[in-house]
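Chemist: The structure under discussion is supplied below as structure tokens; questions concerning it will follow.
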Amino acid sequence: MWTLVILIAVLVCLLTLHFLNQLWAHRNYPPGPLRLPIIGGAWRILINFSQDSFIKLAKQYGNVYTIWAGNLPVVVLSGFKAVKEGLINHSECFDERPVTPFFKTLANEMGIILANGHTWKQQRKFGMVTMRKLGLGKKGMEHQIEEEALQLVETFERSKARQPIDTSLPIRNSVSNVICAVAFGHRFSMDDDEFLKLKEAVEFMLQYSATLMNALYETFPWLVKIIPGPYKKATLFTEVVLEFARKEIAFHKKNQALHDPQDFTDYYLFQIEQSKGDPNSTFNEDNLTQCIFDFFIAGTDTTTTTLEWAVSLMAIYPDIQGKVQKELEDVFGSSQSFGYQDRKKVPYTNAVIHEIQRIQYVFLFGVPRQNEKDVHILGYHIPKRTFIVADLRSVLVDPKQWETPDKFNPNHFLDKDGNFVAKEAFLPFGAGTRVCLGEQLARIELFVFFTRLLRAFTFQIPEGVKDLSLEPVVGFTVHPIRQKLCAVPRPTV
1 MWTLVILIAV LVCLLTLHFL NQLWAHRNYP PGPLRLPIIG GAWRILINFS QDSFIKLAKQ
61 YGNVYTIWAG NLPVVVLSGF KAVKEGLINH SECFDERPVT PFFKTLANEM GIILANGHTW
121 KQQRKFGMVT MRKLGLGKKG MEHQIEEEAL QLVETFERSK ARQPIDTSLP IRNSVSNVIC
181 AVAFGHRFSM DDDEFLKLKE AVEFMLQYSA TLMNALYETF PWLVKIIPGP YKKATLFTEV
241 VLEFARKEIA FHKKNQALHD PQDFTDYYLF QIEQSKGDPN STFNEDNLTQ CIFDFFIAGT
301 DTTTTTLEWA VSLMAIYPDI QGKVQKELED VFGSSQSFGY QDRKKVPYTN AVIHEIQRIQ
361 YVFLFGVPRQ NEKDVHILGY HIPKRTFIVA DLRSVLVDPK QWETPDKFNP NHFLDKDGNF
421 VAKEAFLPFG AGTRVCLGEQ LARIELFVFF TRLLRAFTFQ IPEGVKDLSL EPVVGFTVHP
481 IRQKLCAVPR PTV
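To convert, note that position 48 of the sequence shown is 48 in our numbering; the numbers rise steadily by one, no gaps.
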């Protein structure tokens with residue numbers, strides 16, 4: 001009996017000494033919540049978790065702080081000064097993605113978003129060049145976006161005037177079809193079974209990625225063997241998206257000789273042929289499949305969520321909605337032939353779109369990175385290969401950068417004469433070498449969808465409803481609570 005007691009006491013002492021030794025070894029990391037054995041400092045995040053949890057920690061520990069996820073140090077950069085110092089001034093140091101168990105399941109270090117090194121550089125460069133060839137910023141891709149916007153308007157028109165409707169599903173369908181147009185050159189019927197499975201899979205993976213269960217798996221990968229359920233489902237849904245892409249690739253290969261390149265898949269297959277024999281090439285069908293996967297993961301929920309917030313905010317702020325509608329009428333009259341290139345003619349509308357993105361930033365924080373070498377940020381030493389989180393939301397509500405950071409105020413982007421003013425701290429697409437590849441596409445989508453919707457409808461709070469809730473549903477993306485709006489048709493201009 002006493003032998004067992006002594007063994008347990010010795011074990012506890014050894015574990016305590018090991019924990020204290022780790023604390024001493026990592027003493028130079030930025031300050032942060034008390035690090036406890038096994039769970040680290042994550043307990044502070046889990047208590048009353050909200051989209052402001054990281055900002056609250058910054059107020060206590062400073063704009064560069066550390067949260068320990070088990071034995072993994074996560075350094076958070078908060079506020080414009082710290083984020084700029086990390087992502088812009090030290091851009092080359094922070095261009096890697098951490099290779100976590102879930103990230104490896106999603107991408108296996110291929111594609112663009114979660115790849116590193118030579119693969120990432122080659123795939124990203126090709127993606128940027130191909131996006132330009134597809135006509136982003138010109139009329140090519142914008143025409144397809146306009147077609148989807150008109151489809152969305154028609155969907156809303158089919159609902160009875162003044163009857164509350166759930167706007168989220170039609171918006172998601174239209175945005176998803178924009179990505180299909182970019183990747184495959186064509187849209188899908190809203191009733192297509194494969195298309196419906198694709199949307200379900202993308203939505204589940206985004207929701208799962210922000211769950212406590214996934215956080216536990218990332219910290220303690222061996223838990224997958226004990227509680228495989230959610231992780232297994234995420235793996236299955238990953239395969240659904242990849243298989244969807246493979247079928248489209250096979251179709252394009254079969255019909256490739258019939259036309260010139262018309263979409264991303266066409267251009268990529270052509271690049272594979274051009275790169276045969278090049279030992280440094282990373283162009284292959286596996287990377288193409290992953291690039292398409294990245295488009296759907298990064299390009300559907302973000303734009304969908306921003307547009308959901310947009311129509312909700314217009315209903316809540318009818319005076320701002322009215323100003324947008326008046327400006328569009330005054331500038332364009334009854335013309336429908338205006339597009340993204342005309343945004344400078346409507347500075348107030350442009351300011352409202354930017355303010356929607358600022359006040360309702362769609363991510364909980366930016367996509368994680370890691371530093372490839374030791375770096376000093378605002379007086380703190382951060383050892384190489386540290387998990388880095390740039391809290392972009394903290395930049396978009398930084399009181400040093402915005403006059404009324406917690407209020408919906410389009411004047412943040414207007415000067416005293418009503419001219420649009422770009423702001424350095426407007427970073428919803430990130431910054432540095434990892435800035436969002438689809439930024440231009442997203443900007444065009446938001447402008448085209450938003451202006452077409454407000455030309456056709458006035459969004460109102462349903463009768464009998466006191467007010468719409470701006471309380472967000474916090475996941476990997478931060479979207480509004482599902483609630484119905486009235487899309488009241490406007491008289492033809």
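Quick reminder that beta carbons are idealized off the backbone N, C-alpha and C, glycines included.
List the whole-angstrom C-beta distance separating N214 from M190, where the pair is believed to meet the contact cut-off of C-beta under 8 Å.
Modeler: Going by Cβ atoms, the distance from N214 to M190 rounds to 30 Å, so no, they are not a contact pair.
Chemist: Taking D391 and V76 to be in contact with their CB atoms under 8 Å, please state how far apart those CB atoms are, rounded to whole angstroms.
Modeler: Sure, about 6 Å apart at Cβ, within 8 Å.
Chemist: With DSSP run on the structure shown, which of helix, strand or coil describes A310?
Modeler: Here A310 sits in helix by DSSP.
Chemist: Spatial neighbours of P73 within its chain, please: CB distance less than 7 Å, with the 5 preceding and 5 following residues excluded, ordered by chain position.
Modeler: The residues are H26, Y29, T66, T386 and F387.
Chemist: Which ranges would you report for the alpha helix (DSSP H) in the segment 134-177 if only whole runs of at least 4 residues count?
Modeler: Fully enclosed alpha helix (DSSP H) runs of 4 or longer: 140-157.
Chemist: Does the beta-carbon distance from V175 to T304 come in below 9 Å?
Modeler: The answer is yes: Cβ separation under 9 Å.
Chemist: Can you tell me where the alpha helix (DSSP H) holding C291 begins and where it ends?
Modeler: Note, C291: alpha helix (DSSP H), E285 to G299.
Chemist: Buried or exposed for L414, please, with buried defined as at least 16 other CB atoms from any protein chain shown within 10 angstroms of its CB.
Modeler: Buried, since its Cβ has 16 or more Cβ neighbours within 10 Å.
Chemist: If you draw a straight line from the alpha carbon of E157 to that of P489, how long is it in whole angstroms?
Modeler: Whole-angstrom Cα-Cα distance: 7 Å.
Chemist: Quick check on the burial criterion: 16 or more other C-beta atoms within 10 angstroms. Buried or exposed for A499?
Modeler: Since the first residue of the chain shown is 1 and the last is 493, residue 499 is not available in this structure.
Chemist: Spatial neighbours of L224 within its chain, please: C-beta separation below 7 Å, excluding the five flanking residues on both sides.
Modeler: Residue identity check: residue 224 is Val in the sequence provided, not Leu. Same-chain partners within the cutoff: Y217 and Y231.
Chemist: With a threshold of 16 other CB atoms inside 10 Å of the CB of R482, please say whether the residue is buried or exposed.
Modeler: Looking at its Cβ environment, which holds fewer than 16 other Cβ atoms inside 10 Å, R482 is exposed.
Chemist: To the nearest whole angstrom, what separates the beta carbons of T130 and Y267, a pair I think is in contact under 8 Å?
Modeler: With a Cβ gap of about 5 Å, T130 and Y267 count as contacting.
Chemist: Could you tell me if W222 is buried or exposed, where buried requires 16 or more neighbouring beta carbons within 10 angstroms of its beta carbon?
Modeler: So W222 ends up on the exposed side.
Chemist: According to the neighbour-count rule (16 or more other Cβ atoms, all chains shown, within 10 Å of its Cβ), is T349 buried or exposed?
Modeler: With 16 or more Cβ atoms within 10 Å of its Cβ, T349 is classed as buried.
Chemist: Run the CB neighbour count on A250, radius 10 Å, all protein chains shown included, and call it buried at 16 or more, exposed below.
Modeler: The residue is exposed, with fewer than 16 neighbouring Cβ atoms inside 10 Å.
Chemist: Using the C-alpha atoms, what's the distance from F94 back to A431?
Modeler: One C-alpha to the other measures close to 10 Å.
Chemist: When you compare only the Cα positions, how much space is there between A315 and N177?
Modeler: One C-alpha to the other measures close to 26 Å.
Chemist: Whose C-beta lies closer than 7 Å to the C-beta of W24 among residues of the same chain, with five residues either side of it excluded?
Modeler: With a pLDDT of only 40 at W24, under the threshold of 50, the placement of this residue in the model should not be trusted, and no figure is reported.
Chemist: What does DSSP give as the partner residue(s) for D391 in the beta ladder?
Modeler: Partner(s): S78.
Chemist: Within a Cβ cutoff of 7 Å, which residues of the same chain sit near T238, ignoring the five residues on either side of it in sequence?
Modeler: T105, L106 and M205, listed in sequence order.
Chemist: What three-state label does DSSP hand H252 in the structure shown?
Modeler: Helix, per DSSP.
Chemist: By the three-class DSSP mapping on this structure, what secondary structure does R35 have?
Modeler: If DSSP states are grouped into helix, strand and coil, R35 belongs with coil.
Chemist: Within 10 angstroms of the Cβ of F365, are there 16 or more other Cβ atoms? Answer buried if so, exposed if not.
Modeler: Per the 10 Å Cβ criterion, buried.
Chemist: Per DSSP, what kind of secondary structure is L17 in: helix, strand or coil?
Modeler: For L17, the pLDDT reaches just 43, beneath the cut-off of 50, and the residue's location in the model is therefore unreliable, leaving the point undetermined.
Chemist: Kindly give me the distance between the Cβ atoms of K247 and L269, rounded to whole angstroms, as I take these residues to be in contact under 8 Å.
Modeler: Actually they do not touch by this definition, with Cβ atoms about 14 Å apart.
Chemist: Is it buried or exposed for G333, if we count other Cβ within 10 angstroms and need 16 for buried?
Modeler: With fewer than 16 other Cβ atoms within 10 Å, it is exposed.
Chemist: Report the three-state DSSP secondary structure of H186 (helix, strand or coil).
Modeler: Reduced to three states, the DSSP call for H186 is coil.
Chemist: Just the Cα atoms here: how many angstroms apart are S337 and F426?
Modeler: Each residue's alpha carbon lies about 29 Å from the other.
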